[in-house]
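Q: Counting from 1, position 452 in the sequence shown corresponds to residue 452 in full-length UniProt numbering; the numbering is continuous, with no gaps.
C-beta: ideal position from N, C-alpha, C; glycine also.
My structure is below; once you've seen it, I'll send some questions.
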Amino acid sequence: MTTRAKRTKKNAPSSAAKTEKKDASKMEIVSLEIQKIQPDPLQPRKTFDDQLLAELAKSIKVHGLLQPITVRQVDDDYVIVMGERRYRACKLAGLKNIPCMVKAYSKQEVMEVQIIENLQRQDVEPTEEAEAIAYLNEKYEAAEIAQRLGRSDHFIRQRLKLAGLIEGFKQFIRSGKMSLKQGVRVGLFEPQEQAMMLETMGVEFSAHLIDRLIQEQSFDLERAPFSIEDDTIVTKAGACVICPFNAVNQGHLFGAGKMICTKSVCYTTKKQQVFKSLIEKAKKENILLIPEVRKYWANEENNQLILSTLEKHGLKVYLLDDLELIEKPEAPTLESLKEQYRYYNYTDENLQDKLESAQKDYEEECKAYSLTSENGFVKGILFNPETYCYKDCYVSILETASKPSDSHVIPVSERKMADCTPKEQIQKIKEREIRKQQIENNKQFEEVVDMIRETDYINTKKTLSEDEMIAFTISLYENNVGYTSQQKYFSGMFGKKSNMSKVKLAEQFKKNFKKEMFHKLIRLILTQQVHFGESNHTNNLTNISFYNAMRSYHKNAMEKIEARYLEEREKREQRLKERISTLEKKVKILSA
Numbered sequence: 001m002t003t004r005a006k007r008t009k010k011n012a013p014s015s016a017a018k019t020e021k022k023d024a025s026k027m028e029i030v031s032l033e034i035q036k037i038q039p040d041p042l043q044p045r046k047t048f049d050d051q052l053l054a055e056l057a058k059s060i061k062v063h064g065l066l067q068p069i070t071v072r073q074v075d076d077d078y079v080i081v082m083g084e085r086r087y088r089a090c091k092l093a094g095l096k097n098i099p100c101m102v103k104a105y106s107k108q109e110v111m112e113v114q115i116i117e118n119l120q121r122q123d124v125e126p127t128e129e130a131e132a133i134a135y136l137n138e139k140y141e142a143a144e145i146a147q148r149l150g151r152s153d154h155f156i157r158q159r160l161k162l163a164g165l166i167e168g169f170k171q172f173i174r175s176g177k178m179s180l181k182q183g184v185r186v187g188l189f190e191p192q193e194q195a196m197m198l199e200t201m202g203v204e205f206s207a208h209l210i211d212r213l214i215q216e217q218s219f220d221l222e223r224a225p226f227s228i229e230d231d232t233i234v235t236k237a238g239a240c241v242i243c244p245f246n247a248v249n250q251g252h253l254f255g256a257g258k259m260i261c262t263k264s265v266c267y268t269t270k271k272q273q274v275f276k277s278l279i280e281k282a283k284k285e286n287i288l289l290i291p292e293v294r295k296y297w298a299n300e301e302n303n304q305l306i307l308s309t310l311e312k313h314g315l316k317v318y319l320l321d322d323l324e325l326i327e328k329p330e331a332p333t334l335e336s337l338k339e340q341y342r343y344y345n346y347t348d349e350n351l352q353d354k355l356e357s358a359q360k361d362y363e364e365e366c367k368a369y370s371l372t373s374e375n376g377f378v379k380g381i382l383f384n385p386e387t388y389c390y391k392d393c394y395v396s397i398l399e400t401a402s403k404p405s406d407s408h409v410i411p412v413s414e415r416k417m418a419d420c421t422p423k424e425q426i427q428k429i430k431e432r433e434i435r436k437q438q439i440e441n442n443k444q445f446e447e448v449v450d451m452i453r454e455t456d457y458i459n460t461k462k463t464l465s466e467d468e469m470i471a472f473t474i475s476l477y478e479n480n481v482g483y484t485s486q487q488k489y490f491s492g493m494f495g496k497k498s499n500m501s502k503v504k505l506a507e508q509f510k511k512n513f514k515k516e517m518f519h520k521l522i523r524l525i526l527t528q529q530v531h532f533g534e535s536n537h538t539n540n541l542t543n544i545s546f547y548n549a550m551r552s553y554h555k556n557a558m559e560k561i562e563a564r565y566l567e568e569r570e571k572r573e574q575r576l577k578e579r580i581s582t583l584e585k586k587v588k589i590l591s592a
């Protein structure tokens, strides 16, 4: 039943308002003139879909507004608290009065109610949603916001990071060029670092470049050269395990349990402290500190900096080519073997056999390691000049080793014979002989290869021999596997003795060769040789064959992805049909 609303002292409807009872709850619903209702200029929702508004307006014309909007009174007018979309649709439908619930709110309450109401919709633009959640986060913890909105804590933390994006990246999110996953990860970095990423990329968005920049600016703490629980390395920074720049403390934004540092300055500082500590230990205990650098790479800027730093601290500097190294053996574990053979269908029994075999090898390595000091080896520390990860080893200096100070004088090979001392002349003669042998070996090898190419070797019908598989495995590895993949999948492929000659290394590889290595490399190459861009699994022979081959391993996961894309495609095709149908009708009208 409808009655004339009476004005009260405060928050009363105008004399033109009408009220009605709703059910038995005694919630008062007031019919207000639409001209007295105003949108809230501070409303957090900024975008409205015109097509959806038009559809709602049509429904309202037929059925009326089924859910009243909520307003608050300001002087003689009313400001919308919840329901601006319904209000806009009512205006489109030509309504003169709208059913409303009039409530009293403080400014803070209005903002919170509007935010929560908007966030409970299904079509919220992600950056708007993120900014709204960030507003709530000023008052509430992430877990409480999640409870209020009925969302997961992980979702709220993701949106909070999205809110931390600088405007340039938010635009890419709104346009759909940048994925939410990329946006969340970029949001982990401070605004200054984001600005540098944006400047590096330029105006055109590149997903590949952003992924690379994220990787370059973030660091896997599980591979850090320092203890992530140590809060004394850099006192102001504290321990990494509780640091807010550790992604695991931001809602596992790089994956469950994945500890990724996004504070590059802090991480680099801690790395430098590790380097200082290694230098101090080497000087104090008279241990050789050896960078993992070969002569071929010694002139690189970073390596030169490392070598000069060691020399400045009075340490003898040797390169890997100057030494014979025996590294401390690492005990095999079932977990490490599972990781090593994760792409093989090994049973627990197979893995146990592998563990027993690896344990025997480990025991033999331990025996050899225990005898190193008796065989003239001295203690050393081997460290990576990029990561500063280090490990203990025993070292023997080869007779052909360069002097520690040779890196800052003109090499003997570049001086004239007359400018050399008799001892240096002997060295120069030996080096020339080595060079001559190398040239002869080059010619011999080239002649052999030319001879084989002229034979019918390629058409041989015999099954590949083990030596051929070994040759192909090494060829694939050295020519197609990048440094990152080498470290990730094949770190122990050639054993741990980095001082071996190439001939001995090949002999050892042949001795330890297993067909699993061959198969593993083939599978890695398969994943690398696919083509993107205009090529896909329907128009490129390489991609088609790869896609079919993967079905035997990942059928269920692939079918889920296919189903998702099929659903999107069908929706798009339906929209196109409707659009074409409308246009065809217009064509008929115009041609009539």
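#1: For Gly380, does the three-state DSSP call read helix, strand or coil?
#2: So Thr387 and Arg223 are in contact, right, with Cβ under 8 angstroms, and what is the actual spacing, rounded?
#3: What is the DSSP secondary structure of Met178, reduced to helix, strand or coil?
#4: Between Met469 and Ala358, what straight-line distance do the alpha-carbon atoms span, to the nearest angstrom?
#5: Which residue comes first and which comes last in the beta strand (DSSP E) that contains Ser591?
#6: Per the contact definition of three or more C-beta pairs closer than 8 angstroms, is the region 35-54 in contact with the region 82-92?
#7: Let me confirm a value: Val203 is counted as buried when at least 16 other C-beta atoms fall within 10 Å, else exposed. Which label applies?
#8: Which of the three DSSP states, helix, strand or coil, is assigned to Asp406?
#9: Below 8 angstroms CB to CB, which residues in the same chain sit around Ile544 once its five sequence neighbours on both sides are set aside?
#10: Using the beta-carbon count (16 or more within 10 Å), is Asn246 buried or exposed?
#11: Give the secondary structure of Pro99 by DSSP, where H, G and I count as helix, E and B as strand, and everything else as coil.
#12: Are Thr473 and Phe518 closer than 8 angstroms when you measure CB to CB?
#13: Can you tell which of Arg148, Glu567 and Pro99 has its C-alpha closest to the C-alpha of Val113?
#14: Lys161: which of Gln171, Glu144 and Gly187 sits nearest, CA to CA?
#15: Closest by CA to Lys236, which one among Gln217, Thr460 and Cys266?
#16: Whose CA, out of Glu193, Glu356, Phe205 and Asp75, lies closest to the CA of residue 593?
#17: Per the contact definition of three or more C-beta pairs closer than 8 angstroms, is the region 339-358 in contact with the region 287-304?
#18: Taking only the alpha-carbon atoms, compute the straight-line gap between Gln486 and Glu570 and give it to the nearest angstrom.
#19: Would you mind reading off the limits of the beta strand (DSSP E) that contains Asn82?
#20: At which residue ranges does the region 444-513 contain complete alpha helix (DSSP H) runs of 4 or more residues, listed in the order of the chain?
#21: Given that a residue counts as buried once 16 or more other Cβ atoms are within 10 Å of its Cβ, and exposed if not, what is Lys502?
#22: State the beta-bridge partners of Asn246 as determined by DSSP.
#23: Tell me whether Gln217 is buried or exposed, calling it buried when 16 or more other Cβ atoms sit within 10 Å of its Cβ.
#24: Would you say Ile69 and Ala93 are within 8 angstroms of each other, going by their C-beta atoms?
#25: Three-state secondary structure (DSSP) at Pro126?
#26: According to the Cβ coordinates, are Ile98 and Leu65 closer than 8 angstroms?
#27: Find the nearest neighbour of Thr47 within the set Lys436, Arg174 and Arg159, judged by alpha-carbon distance.
#28: Would you mind sorting Thr347 into buried or exposed? The rule is 16 or more other CB atoms within 10 Å of its CB.
#29: Please state whether the Cβ-Cβ distance between Tyr477 and Lys520 is less than 8 angstroms.
#30: Relative to the C-alpha of residue 605, which residue among Asn384, Tyr547 and Gln437 is closest?
#31: Locate the beta strand (DSSP E) running through Lys391, then write down its first and last residues.
#32: Report all residues from its chain with a CB closer than 8 angstroms to the CB of Ser277; omit the five preceding and five following residues, and keep chain order.
#33: Can you tell me whether Phe219 is helix, strand or coil according to DSSP?
#34: So what does DSSP say about Val71, is it helix, strand or coil?
#35: Buried or exposed: where does Ala163 fall if 16 or more other Cβ atoms within 10 Å of its Cβ makes it buried?
#36: Measuring alpha carbon to alpha carbon, tell me which residue in Gln215, Thr269 and Arg212 is nearest Cys240.
A: According to the structure shown:
#1: strand
#2: 7 angstroms
#3: coil
#4: 23 angstroms
#5: For Ser591, no beta strand (DSSP E) segment is defined; the enclosing uninterrupted segment is the alpha helix (DSSP H) at Leu541 to Ser591.
#6: yes
#7: exposed
#8: Reliability of the predicted coordinates at Asp406 is poor, the pLDDT of 48 falling under 50, and the value obtained from them is presented with this limitation in mind. Helix.
#9: Result list for Ile544: His537 and Thr538, in chain order.
#10: That one is buried.
#11: Pro99: strand per DSSP, three-state reduction.
#12: yes
#13: Arg148
#14: Gly187
#15: Residue nearest to Lys236 within the set Gln217, Thr460 and Cys266 is Cys266 (criterion: CA-CA distance).
#16: In the structure as shown, the chain starts at 1 and stops at 592, and residue 593 therefore has no counterpart that could be examined.
#17: The region 287-304 vs the region 339-358: no contact.
#18: 42 angstroms
#19: Just to set this straight, residue 82 is Met in the shown sequence, not Asn. Asp77 to Met82 is the extent of the beta strand (DSSP E) around Met82.
#20: Taken in chain order, the complete alpha helix (DSSP H) segments of 4 residues or longer contained in the region 444-513 are 466-480, 483-489 and 502-512.
#21: exposed
#22: Bridge partners of Asn246: Cys261.
#23: buried
#24: no
#25: helix
#26: Against a cut-off of 8 angstroms, the Cβ pair of Leu65 and Ile98 comes out as a contact.
#27: Arg174
#28: Exposed is the call here.
#29: Going by beta carbons, Tyr477 and Lys520 fall outside the 8 angstroms limit.
#30: Because the chain is modelled from 1 through 592, residue 605 falls outside the range shown and cannot be assessed.
#31: Tyr390 to Ile397
#32: none
#33: strand
#34: strand
#35: buried
#36: Thr269
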